[in-house]
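As they're listed, the protein sequences go chains A and B.
Those letters in the first sequence? Residues 1 to 237, by the numbering used here.
Those letters in the second sequence? Residues 1001 to 1296, by the numbering used here.
Backbone N, C-alpha and C fix where the C-beta goes; we use that ideal spot for every residue, glycine too.
One structure is given here, and the rest of the page talks about it.
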Amino acid sequence: MTLIKCTDLSIGYDNSVVLEAISFEVCSGDYLCVVGENGAGKSTLIRTLLGLQKPLGGSISFSGGLRQTEIGYLPQQTVVQRDFPASVTEIVMSGFVGANGRRPFYTRGQKAKARMNIERMGLQNLVRRCYRELSGGQQQRVLLARALCATDKLILLDEPTAGLDPRVTAGMYQVIKELNDEGITVIMISHDLTAALEYASHILHVGRETFFGSKEDYVSSGFCERFLKGSKASSAS
Amino acid sequence: MQDLSLWAQFAQAFSYSFVIRALIAGVFISLSSSLLGVTLVLKRFSFIGDGLSHVAFGAMALASVLFTALKISDELENAWEMAIMLVITTLCAVLLLRAGQKARMGGDAAVATVSVGALAFGYLFLNKFSTSGNLSGDVCSTLFGSTSILTLKTFDVVLCVCMSLVVTLLFVFMYHKIFAVTFDESFARATGVRASLYNLLISVIVAVIIVLAMNLVGSLLISALVIFPALSSMRVFKSFRAVTICSAVFSVVCSFTGIMVSVPQGTPVGSTIVAIDVAGFALFCFIGFLRRVRAK
Ligand SMILES: Nc1ncnc2c1ncn2[C@@H]1O[C@H](COP(=O)(O)OP(=O)(O)O)[C@@H](O)[C@H]1O
Ligand SMILES: [Mg+2]
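Pasting the structure below:
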């Protein structure tokens, strides 16, 4: 079942096009990794999918009972001001605010669901803690729990492991994989190609050249090697 | 027995109806003005609040000149003045918010221009057209509130209480949305929260609060009333809800104490309240410091 279908999409800001002629589709249960160099436009693509900015051309359509506002979003490094007073529970619950529309308060069902998502992320001992006092990995889990409150179907993760140490990173990938195994569709931005190749079912490569297809096709297409070589060269320099 | 006489002075203050009126208005105004503090501090709207308070001064000057010119002076003069201030300040709030959204850099400049312009024109109006015999006294009382809270008529008090209640209720019903929009606007937008609507509502509420708080502390000290409760609570508490509740209590206690101290001592109400706010802030900083030391 197709959830998102993009045809000939071009994205960017005002008059400057960042990426064009992107076509891909995401089906229920997929694990799509979006890869590409820094500044290639991955975050811009995600923001366009979420409706935070308008596409410059082409179309995005949602189907299979998915609405645009039903996507659980994990932003790239939420810059929370240093002094923001917010407890873990308050942040996780805020995932429901959009779905509530005019209703001012949370329902009992939502509170139960938030508790479930907090346990799912292994945060039950931290519920009363202040967000800004948590470690980077714990903060990401809180935001993931919030994203899970906003959706049952699809989560969209923008570099969820940036700035985390290797052990925490592995844990994070494991959690995401478990969510995918439970039937949640995943779109993840990553510039960690090894992880992408390990977990993803599909790859969308953006940049000077665009590729979309299954992981196997990506590996055999030669795109992958060129990208790996390119990133080695740039990290060596 | 120094204490007893002080206590007697307080007790006597309670027997004046103008003190009771001031206390009622003061408590409600400070309750409503403290609620949005956290959001304003964290979203950097506190700057807009400061600019708007100067706009309110200009509007006040305009209104009082208008009334003198038209020779209106009746029971409702205060209420009419507040209405005019409300309209002008709200309009400016919306305009400034728009300007701030269009271009971050331009926003700051727009606030500065509008606020300084309003101050200048306000004083110019008063100076040129006011027939009052005590011009500098009038200006001083608009800027620092000196005694205006003590001269409120019953109708003014009812008006203040009603407006404060509306602000408080709006805040309570929008509480979760305000939290979501303040904490992470992109996420809120992505999940379908109409963030620009809530930003607009926030700026309208700020305008209302400023017009209300003019009565209590005057235009130059409004920011203190809005920001000190939030800053103080943020030193000690760590969840949004605890900070919000603590801000409200802090603000009400400080204003109540301020009025109670200033009446027998004959000090200006507004500055007394703000002085107590500052003392409270210092106390909360100290408590926060102790907590952090003990945690280590
Ligand atoms: N708000 C913005 N306005 C204009 N250009 C932007 C903005 N944000 C990002 N860009 C540009 O868009 C390009 C893609 O950025 P981004 O999507 O963040 O890349 P990635 O996430 O792949 O590293 C970059 O060249 C960047 O300079
Ligand atoms: Mg990015």
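| Asked | Found |
| --- | --- |
| Assign A/T185 to one of three DSSP states: helix, strand, or coil. | strand |
| Per DSSP, A/D158 is paired with what? | A/I189 |
| What did DSSP end up calling B/L1231 once you bin it into helix, strand or coil? | helix |
| Nearest to B/L1031 by CA position, among B/S1130, B/L1212 and B/L1124, is which residue? | B/L1212 |
| Using beta carbons (cut-off 7 Å, strictly below), is A/F62 in contact with chain B? | no |
| Which residues, in chain order, does the stretch 1168-1180 of chain B contribute to contact with chain D at a C-beta distance below 9 Å? | Given the protein chain composition of this structure (A and B), no chain D is represented. |
| If you draw a straight line from the C-alpha of A/K5 to the C-alpha of B/A1180, how long is it? | 29 Å |
| List the residues that DSSP assigns as beta-bridge partners of A/H205. | A/V35 and A/F211 |
| DSSP three-state label for A/A200, please. | coil |
| Name all residues in chain order for which at least one heavy atom of ligand 1 lies closer than 6 Å to the residue's CB. | A/Y13, A/V18, A/G36, A/N38, A/G39, A/A40, A/G41, A/K42, A/S43 and A/T44 |
| Would you give the residue range spanned by the alpha helix (DSSP H) that B/I1177 belongs to? | According to the sequence displayed, residue 1177 of chain B carries Lys and not Ile. Looking at the DSSP string, the run of the alpha helix (DSSP H) that includes B/K1177 is T1154 to F1183. |
| Hey, B/T1090 and B/A1056: beta-carbon distance below 7 Å or not? | no |
| Thinking C-beta only, is B/V1261 closer than 7 Å to B/T1272? | yes |
| Indicate, with yes or no, if ligand 2 has a heavy atom lying under 6 Å from the CB of A/Q76. | yes |
| State the beta-bridge partners of A/Y13 as determined by DSSP. | A/S16 |
| When you compare each of B/F1155, B/V1065 and B/L1119 to B/L1126 by their alpha carbons, which one comes out closest? | B/V1065 |
| To the nearest angstrom, how far is it from the Cα of B/S989 to the Cα of A/L45? | Because chain B in this structure spans residues 1001 to 1296, residue 989 of chain B falls outside the shown range and cannot be described. |
| Following the continuous alpha helix (DSSP H) through B/L1066, name the residue where it begins and the one where it ends. | S1046 to L1070 |
| My guess is that A/C149 and A/M93 are in contact by the Cβ rule of under 8 Å, so how many angstroms apart are they, rounded? | 7 Å |
| What residue ranges within the stretch 1227-1274 of chain B form continuous alpha helix (DSSP H) runs of no fewer than 4 residues, ordered along the chain? | 1240-1265 |
| Can you tell me which of the three DSSP states A/G98 falls into? | helix |
| Where does A/E209 land, buried or exposed, given buried means 16+ other C-beta within 10 angstroms? | exposed |
| Would you mind reading off the limits of the alpha helix (DSSP H) that contains A/I118? | R108 to R120 |
| Do you know offhand how far A/S61's Cα is from A/F211's? | 20 Å |
| Could you list which residues in chain A have their beta carbon closer than 9 Å to that of B/F1183, in chain order? | T78, V80, F84, A86, E90, I91, S94 and Y131 |
| Do you know how far the Cα of B/R1021 is from the Cα of B/F1028? | 11 Å |
| Closer than 8 Å is the cut-off here; do at least three beta carbon pairs connect the stretch 97-116 of chain A with the stretch 37-44 of chain A? | no |
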